Each structure stands twice: as C-alpha cells, then as structure tokens.
Amino acid sequence: MDVSAGSQDLSILNLVLHASLVVQLIMALLLLLSFLSWWHIFSKFFTIRHALRDTDDFEDRFWSGADLNGLYEGVRHKNGGQGMEKIFHAGFSEFLKLRQRGSMELSNVMEGTRRAMRAACQRELDHLDAHTSFLATVGSVSPYVGLFGTVWGIMHAFRGLANVGQATLANVAPGIAEALVATAIGLFAAIPAVVAYNHFSHDVDKLANRFDTFMEEFSNILQRQAAR
C-alpha cells in the first residue's frame with residue numbers, strides 16, 4: 001500500500017502538478033519552445049525537400065540542352081519559380097536587358113548579370129535559412145533554462161525540509177524528482193532542435209554550393225553566347 005502510493009505520488013504528471021509555481025512556469029516555457037521547434041522542424045523539412053527536388057528538376061532541364069530562351073519563358077510564366085530557377089530568371093533577365101542597350105561592354109554586361117544572380121541567390125538562401133537560428137537558440141538555451149528550474153526546485157524542496165523535524169528519503173525524493181523534471185523537459189526541447197539545426201544547415205550549405213556552381217557555369221555560357 002505505501003509503496004504503491006509512493007510510486008503514484010512520483011508519477012510525472014503528479015510531479016508537474018505539485019511543483020512550485022516558478023518551476024511550473026519554466027516547464028510551460030520549455031514545452032512552448034519545444035512545440036514551436038517541432039513546428040519549424042516540420043515546416044523547414046518540407047521547404048528544403050521541395051527546394052532540393054526543384055533544384056534537381058531544373059538542373060536536369062537546364063543541362064538537357066534546352067533552349068535558354070524557351071527555358072526562360074517557362075520560368076517566367078511561373079513568376080520566376082524558386083531556388084535555382086529564381087537565380088536563372090534573375091540572371092538571364094538582367095543579361096537580356098543589358099544586352100539590349102548595345103553600348104555596354106561585355107564585361108559590364110556580365111558583371112551586372114552576376115550581381116543580379118548573387119542577389120537572387122542570397123534571397124533564396126535567406127528564405128531557406130529562415131527560423132534555423134531559432135532552432136539553434138532553443139538547442140543551446142533550453143538545457144540551461146531546465147537546469148535553472150531544477151536548481152530552483154531543489155532550493156524550494158530544501159526550504160520545505162526546514163519545517164520537518166527529521167529529513168528522510170520520503171521527504172526529499174518528491175521535491176528533487178519534480179525539480180529534475182524541468183531538466184528532462186529542457187533536454188526534450190533541446191535535442192531535436194540541435195539535430196534538426198545541424199541537418200538543415202548541412203542541406204542549405206549543399207544548396208548554396210550548387211547555386212554558386214550554377215552561377216559560375218551559367219555566366220560562362222552567357223559570356224560565350226554574347227561573344228559570338
């Protein structure tokens with residue numbers, strides 16, 4: 001009977017409900033951060049997967065020998081597309097506009113084209129990298145927030161023992177256990193955020209390298225085309 005009651009008293013839900021107000025607020029904050037992290041994780045997962053698929057598809061079409069003007073018209077009808085399509089659209093659009101002036105040197109035309117592509121590339125990378133800093137913040141801060149809740153809870157538990165004539169394990173265990181729940185929730189929030197941040201950063205870096213390579217190769221193609 002006593003053992004059963006004790007184990008019931010040390011259930012996670014019971015520990016949370018009987019924790020001090022400060023510890024409960026910290027737990028609520030950590031759970032909110034965890035929820036927001038998972039929201040951004042799922043959102044970013046589908047965004048980057050879509051970007052990788054679109055990049056593969058566009059590279060296949062680009063290197064299949066398709067006419068640049070036809071490819072440009074197709075992307076233009078999609079309002080510039082996204083990812084590598086956006087970079088191609090920005091570069092080719094600027095190239096055509098500068099070439100129509102006629103009086104510009106080829107080096108100036110190519111420099112303007114590269115600037116347009118770099119600007120479009122940066123906008124796309126900013127979009128892909130959005131909210132990853134939030135995941136990094138949650139991953140680095142949550143364990144310390146949980147630890148603060150644990151320290152506060154242990155202090156609260158020991159203050160409560162001051163009114164007890166004899167401190168036993170039965171008196172100490174519930175207070176320490178409820179305090180340690182805060183650290184557990186902090187780790188629960190931090191670990192997925194860190195893993196997701198590292199994974200997404202790696203994927204965005206891979207896309208950035210592919211974008212850079214494409215801009216260089218596309219610039220060379222345009223320069224050869226303009227020099228004919």
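As numbered in UniProt numbering, residues 1 to 228 make up the sequence shown, in order. We put the CB at the ideal spot given by N, CA and C, even for glycine. Because the structure is a prediction, the values reported are computed rather than measured.
- Residue 196 carries a helical assignment under DSSP once its states are collapsed to helix, strand and coil.
- The shortest C-alpha to C-alpha distance from residue 132 to any of 37, 79 and 206 is the one to 37.
- The beta carbon of residue 139 is closer than 7 Å to those of 190, 193, 194 and 197 in its chain, skipping five residues each way along the sequence.
- If you draw a straight line from the Cα of residue 60 to the Cα of residue 79, it comes to about 20 Å.
- Contact between residue 112 and residue 98 holds: CB atoms are separated by about 5 Å, below the 8 Å threshold.
- In terms of Cβ geometry, residue 90 and residue 117 form a close pair [threshold 8 Å].
- Shown here, residue 130 sits in coil according to DSSP, grouped into three states, outside any helix or strand.
- Cβ-Cβ distances below 8 Å link residue 204 to 48, 125, 128, 129 and 132 in the same chain, with the five nearest sequence neighbours on each side left out; the list follows chain order.
- Between residue 120 and residue 86, the CB-CB gap stays under 8 Å.
- If you check the CB distance, residue 23 and residue 208 do not come in under 8 Å.
- Within the model, the alpha-carbon separation for residue 218 versus residue 57 is close to 16 Å.
- In summary, residue 28 is exposed, with fewer than 16 beta-carbon neighbours lying within 10 Å of its beta-carbon over all protein chains present.
- Its Cα nearest to that of residue 30, the residue 147 stands out among 147, 103, 67 and 93.
- The Cβ-Cβ distance between residue 145 and residue 186 falls below 8 Å.
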